[in-house]
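In our numbering, the protein residues as written are 110 to 602.
All C-beta atoms in this analysis are idealised placements derived from N, C-alpha and C, irrespective of residue type, glycine included.
Presented below is the structure to which this report refers.
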């Protein structure tokens, strides 16, 4: 998996690469600029486009100056450079790249005050004003410049990071930086790109490799990691030659009410298709016909505490909450699940029951997996005004209670008791339909039944769930939860 490092650590990686490759900072900037141009050209191949490149005084601006030079040399002859000179300070490599542009007699226009910026005749604007060193909102001339650029109704492509967006530490709710359509970022995505608030700064991002020392980057202490398929392949349970249904574990799913049997069925389907050897659904008796008709592979257990108690030792994992309701009967079922000496996955209404009676939180066994969406999380742990603060709470609760918290969103965050956040990159908006969370709970339960650790089950469950959705979304406007459950088994092959 990829370590998602801070802006300070990325600067250290620059310095390490410069020292140990060895390579000059100027040559590293040339690499970065060439990588940007290659990526940019995939999106805009029309050499007749009018390009406006805005360059600040630092090394991000130096990248912009080099990018302008390379674009002109690539045939983008209608490229104009706007040099931002709000202060006399200018990095040495910025000066070098400016001199190289002047040798080409490229048009360079200087902006000493934001009010100097007049009408820009361009089809695309490239933002290389300020880089990743910023950690506070824009002010003064830079804030005014960003406002003027945002008023231009043309696509903006940011170099490494949009001007005004910090790389890490959260995004200000009153973001006042440059709003990019796309950011072409170097070597690693910035952590803030994964937060929903970053949409104010960039609609999408693409990572390009600029040849920094990967071994050094991976050796740095990081609090955030991006999951990759190779990580998941390593931990998926093999289907052994000499094995049987008992080899792959028995999952008990306490889910559903008469009016929400779909949630129980979807959870069971996810569990079956994730490979659990045996799946028992503890559902209302009124749902038995639907269970037998749609999932004949699943077994039935009545909603009877005595029967649950007598069979408790049979189960490797218990998942509870999908479509359960928050009535008194459901609370009794949750209390029983908390007493069972087994792995637990708690979702949906079971989380809402924890929120209603916080004393139950203290009864969660170590290793329990919680799978809340944003509203369920805030009901349980209090309201939050930002995703950054929400994730800080999730990490703290996971550590202090020895939990794994799967905080669901476009990028799902897996917060573990090791104080780390693991980011799942798979999934897409076509999956924004009812039942997706029920399937995910079933998948994770199915993986736990096969003896994966809670952390590995969360990794693999989230990744496979999203990957199945990505596969189905290639040919469909929306992805049904029932179809996704079946696709998961194919993604595991």
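According to DSSP, which residues form a beta bridge with residue i?
i	result
residue 533	521
residue 227	DSSP, once it has assigned bridges, lists no residue as partnering residue 227.
residue 314	292
residue 431	Answer is none; residue 431 lacks a bridge partner.
residue 513	478
residue 112	334
residue 192	164 and 219
residue 453	427
What first and last residue would you give for the alpha helix (DSSP H) that runs through residue i?
i	result
residue 441	437-448
residue 325	323-328
residue 574	563-582
residue 593	590-601
residue 391	Premise fails: residue 391 lies in the beta strand (DSSP E), 387-391, not in any alpha helix (DSSP H).
residue 146	134-152
residue 251	249-259
Can you tell me the Cα-Cα spacing of residue i and residue j, whole angstroms?
i	j	result
residue 569	residue 123	32 Å
residue 297	residue 567	23 Å
residue 132	residue 201	16 Å
residue 392	residue 410	7 Å
residue 98	residue 219	It is not possible to answer for residue 98, since the shown part of the chain is limited to 110 through 602.
residue 320	residue 151	20 Å
residue 488	residue 215	58 Å
residue 454	residue 381	15 Å
residue 465	residue 486	12 Å
residue 524	residue 281	22 Å
residue 497	residue 355	42 Å
residue 204	residue 128	22 Å
residue 291	residue 407	46 Å
residue 138	residue 269	12 Å
residue 190	residue 126	29 Å
residue 289	residue 266	6 Å
residue 585	residue 539	8 Å
residue 583	residue 537	10 Å
I need the boundaries of the beta strand (DSSP E) containing residue i, first residue and last residue.
i	result
residue 217	217-220
residue 291	289-295
residue 164	160-164
residue 362	359-363
residue 233	233-237
residue 545	Where residue 545 is concerned, there is no enclosing beta strand (DSSP E), although the alpha helix (DSSP H) it sits in stretches over 545-558.
residue 470	No beta strand (DSSP E) contains residue 470, which DSSP labels as neither H nor E.
residue 267	265-268
residue 416	No beta strand (DSSP E) holds residue 416; the alpha helix (DSSP H) holding it covers 414-419.
With a 10 Å radius around its C-beta and 16 neighbouring C-beta atoms as the bar for buried, classify residue i as buried or exposed.
i	result
residue 565	buried
residue 533	buried
residue 438	exposed
residue 163	buried
residue 509	exposed
residue 471	exposed
At a cut-off of 7 Å, is residue i close to the ligand PLP when judged by its beta-carbon and the heavy atoms of the ligand?
i	result
residue 517	Among the components of this structure there are no ligands whatsoever, and the ligand PLP is therefore not found.
Contact between the region 405-416 and the region 438-445 (3+ Cβ pairs under 8 Å): yes
Pairs of beta-carbons, one from the region 546-553 and one from the region 370-379, closer than 8 Å: are there three or more? yes
Quick check: the region 332-341 against the region 281-296, are there 3 or more CB pairs under 8 Å? In short, these stretches do not touch, since the Cβ pair count stays below three.
Are three or more beta carbon pairs between the region 343-360 and the region 299-312 nearer than 8 Å? no
Any 3 or more C-beta pairs closer than 8 Å across the region 323-330 and the region 142-156: No, they do not touch.
For the 8 Å Cβ check, are there 3 or more pairs between the region 218-234 and the region 243-260? yes
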